[in-house]
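Below is one structure; the comments refer to it alone.
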Amino acid sequence: MCILPILDFQASVSDGAVRLGRKQQEIEALGRADAYLRAFPGQLPPQGVVQLGELQVSWTETLREPSKKTVSEQGAPGRFVLSVVRLSVEVRQQGRLIGTQKVDRLEWVTDAPYFDN
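Just so we're aligned, residue 2 is where the sequence shown starts under the working numbering, counting upward by one.
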């Protein structure tokens, strides 16, 4: 009779350790995906998939607000168009979904040449 509560306790500790290990794996995988996407040179394509070792990272970008042209402090038209986009990211390992995240990013694109006279 005394053994049953101990076995239940051991099972619950074991389940907790497994869940903690999975959460740690998710945090590390999302961190690697985030580091890759932040280091991506230039503007990200609206959709993409990349293999990072054993991880497959996929993303989809959607416009959150209408793009806006920048204006200088003096009111003159600026050189950039700013956009707020939402990046939806999925990370998979061997086909199994490890984690997801959504991040809002500010992107800017030059729409006029810069002449330094």
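Note that the Cβ used here is the ideal one computed from N, Cα and C, for glycine as well.
Beta-bridge pairing by DSSP links Thr101 to Glu91. Rounded to whole angstroms, the Cβ separation of Leu45 and Leu38 is 7 Å, and the two are in contact under 8 Å.
Across the set Gln75, Phe41, Pro47 and Arg20, the C-alpha of Arg20 shows the shortest separation from the C-alpha of Ile99. Annotation: Pro114 to Phe81 spans about 10 Å, alpha carbon to alpha carbon. Looking at Ser15, Asp35, Ser59 and Val51, the one whose alpha-carbon comes closest to that of Glu91 is Ser59.
Between Leu8 and Gly22, the alpha-carbon positions lie close to 21 Å from each other. A direct Cα-to-Cα measurement between Asp105 and Asp35 gives close to 12 Å.
Leu64 and Leu83 do not touch by the CB rule: their CB atoms are close to 11 Å apart, not below 8 Å.
The C-alpha of Glu62 is placed about 6 Å away from the C-alpha of Gln48.
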